[in-house]
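Encoded as structure tokens, the structure appears first; notes follow it.
Chains as they are written, first to last, in the numbering used here: chain A, 432 to 700; chain C, 432 to 700.
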């Protein structure tokens with residue numbers, strides 16, 4: 432039993448999709464969330480810069496003494512496969528491996544698609560992880576740099592013409608390559624799930640990394656007997672690096688509602 | 432006569448449109464360009480954070496002993512009206528005032544539109560500057576947050592359907608409000624000039640802040656007898672805060688060509 436909080440971080444508010452999943456399956460756990468809003472986005476930056484920012488994000492959680500760190504940022508999850516950011520004795524997970532395990536479980540024809548940021552796709556991390564599990568799997572990766580601005584500016588409705596045109600353009604390769612499973616490798620992308628599903632059809636299984644990472648946290652903490660024994664609902668503390676006002680606005684735009692937690696501003700170093 | 436370089440900065444590569452204009456009208460001047468690519472974009476951040484980043488950008492140029500600093504970033508230009516970043520004896524210009532002067536000269540019906548980032552529009556800087564010159568001018572401001580990702584991802588062709596739909600949506604208010612002059616208040620926007628022009632028609636004068644800031648630099652340096660007396664073409668040094676490789680890629684995507692200058696990486700503080 433361990434009543435310390437679970438730490439979750441992302442470059443912005445996107446990782447809150449993972450927090451929502453955690454709250455569903457682990458309602459008694461305290462959660463500390465960090466969104467590096469003064470430097471978002473990570474996905475268009477070089478791997479060296481992503482690594483440096485991630486190192487600072489992890490240092491923040493070490494100060495807060497969390498029992499597990501979830502990297503809800505798809506870009507950091509991919510980059511940290513070649514630039515390790517955790518010590519061996521730290522309990523941590525990215526979103527990449529949980530998503531890859533789910534995808535490898537789901538695929539029947541061994542043809543798996545990944546849509547993600549440019550930095551994630553360039554990292555080669557998805558291919559490496561998938562081939563560890565299914566050596567002869569075919570991976571089809573596609574960077575979708577317009578998806579984050581689409582989500583952040585509210586172009587998410589199933590009937591939105593702009594989002595449909597852009598998504599069809601990005602996803603055509605998945606149809607051409609006959610993938611039966613698609614990893615939505617960036618926390619923002621599940622908000623476009625309806626549009627993506629309409630284009631790819633029912634036969635393609637869509638994997639949400641945030642949800643998979645939450646399930647992985649439950650399994651890991653449970654196995655190690657590190658779940659909280661509190662019977663109250665867990666507390667949510669949120670930290671951002673730009674203003675609290677801006678964070679609150681972004682949360683509302685992203686989730687469509689306010690969030691039930693206390694928001695603080697912090698400086699990373 | 433002063434042969435020190437002119438400093439130009441922006442959050443990324445967008446300010447290179449201003450550099451191109453400077454090179455056209457002041458071919459013998461050395462130019463030092465800084466793009467804060469590790470923290471781009473500025474336009475979606477709070478004013479306090481924009482101010483802090485801008486303060487570091489200016490400190491960089493103080494170390495490089497430039498004779499004039501041009502803030503090619505529309506967001507910083509707007510924010511610095513309420514958060515000053517220059518000392519009184521420093522020769523400097525944003526893109527806001529030169530653009531506003533040009534717009535106030537061009538308008539006949541005193542109805543001026545401004546399209547810019549959310550931070551620029553929120554700052555109220557354009558209204559303040561316009562009303563100093565034409566107290567009864569009508570200002571129509573519109574944040575266009577999708578324009579930067581459109582440009583950065585190559586959706587700039589006159590016939591691009593996605594860019595047309597988004598631009599029509601943003602610009603409808605300019606038609607409804609009968610503006611006759613439009614300031615494209617972000618360095619990226621002139622790359623959408625064809626699409627914007629097609630929507631607004633010939634009767635609306637489009638103002639490019641980068642070009643206006645370059646003209647202002649020529650006038651200011653000339654008046655103070657601070658132009659270079661070199662007869663050679665000026666040198667261009669470029670500094671970025673993320674990797675040189677990424678900067679080079681971004682320049683190519685933005686300008687459609689390589690740039691003739693030496694690129695270095697720097698750390699701001």
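Ideal Cβ placement from N, Cα and C applies to all residues, glycine included.
Per-residue DSSP class, three states only, for residue i
i, result
"residue 491 (chain C)", "helix"
"residue 378 (chain A)", "Nothing about residue 378 (chain A) can be read from this structure; chain A reaches only from 432 to 700."
"residue 696 (chain A)", "strand"
"residue 628 (chain A)", "helix"
"residue 565 (chain C)", "coil"
"residue 687 (chain A)", "coil"
"residue 596 (chain A)", "helix"
"residue 571 (chain A)", "strand"
"residue 757 (chain A)", "There is no way to answer for residue 757 (chain A), as the model of chain A reaches only from 432 to 700."
"residue 477 (chain A)", "coil"
"residue 650 (chain A)", "helix"
"residue 555 (chain A)", "coil"
"residue 482 (chain C)", "helix"
Paired residues, beta bridge with residue i - DSSP
i, result
"residue 613 (chain A)", "A:544, A:637"
"residue 441 (chain A)", "A:466"
"residue 497 (chain A)", "DSSP lists no partner for residue 497 (chain A)."
"residue 502 (chain A)", "A:440, A:525"
Local Cβ density within 10 Å of residue i, reported as buried at 16 or more and exposed below that
i, result
"residue 592 (chain A)", "exposed"
"residue 534 (chain C)", "buried"
"residue 635 (chain C)", "buried"
"residue 538 (chain A)", "buried"
"residue 454 (chain A)", "buried"
"residue 700 (chain A)", "exposed"
"residue 545 (chain C)", "buried"
"residue 653 (chain C)", "exposed"
"residue 579 (chain A)", "buried"
"residue 505 (chain A)", "buried"
"residue 498 (chain C)", "buried"
"residue 618 (chain A)", "buried"
"residue 456 (chain A)", "exposed"
"residue 475 (chain A)", "buried"
"residue 589 (chain A)", "exposed"
"residue 461 (chain A)", "buried"
"residue 645 (chain C)", "buried"
"residue 676 (chain A)", "exposed"
"residue 441 (chain A)", "buried"
Cβ pair residue i, residue j closer than 8 Å
i, j, result
"residue 547 (chain A)", "residue 616 (chain A)", "yes"
"residue 493 (chain A)", "residue 516 (chain A)", "no"
"residue 692 (chain A)", "residue 458 (chain A)", "no"
"residue 623 (chain C)", "residue 594 (chain C)", "yes"
"residue 439 (chain A)", "residue 446 (chain A)", "yes"
"residue 673 (chain A)", "residue 480 (chain C)", "yes"
"residue 510 (chain C)", "residue 500 (chain C)", "no"
"residue 567 (chain C)", "residue 541 (chain C)", "yes"
"residue 574 (chain A)", "residue 473 (chain A)", "no"
"residue 643 (chain C)", "residue 507 (chain C)", "no"
"residue 393 (chain C)", "residue 432 (chain C)", "Past the boundaries of the shown model lies residue 393 (chain C); chain C is included only from 432 to 700, so the question cannot be answered."
- [ ] Check distances from the C-beta atoms of the segment 472-495 of chain A to those of chain C and list, in chain order, the residues that come in under 7 Å.
- [x] 476, 477, 479, 480
Task: Under 9 Å (Cβ pairs) to chain A, residues found in the segment 526-555 of chain C - done: none
- [ ] Scan the segment 568-588 of chain C for residues whose Cβ lies nearer than 9 Å to a Cβ of chain A and list them as they occur along the chain.
- [x] 576, 577, 579, 580, 581, 583, 584, 586
Task: Contacting positions in the segment 594-610 of chain A - beta carbon closer than 7 Å to chain C - done: 596, 597
Task: Residues of the segment 673-696 of chain A with Cβ closer than 8 Å to any Cβ of chain C, in chain order - done: 673, 674, 676, 677
Open item on the list: Counting only Cβ-Cβ distances shorter than 9 Å, please list the residues of the segment 445-472 of chain C near chain A, keeping chain order.
Closed with: 468, 469, 470, 471, 472
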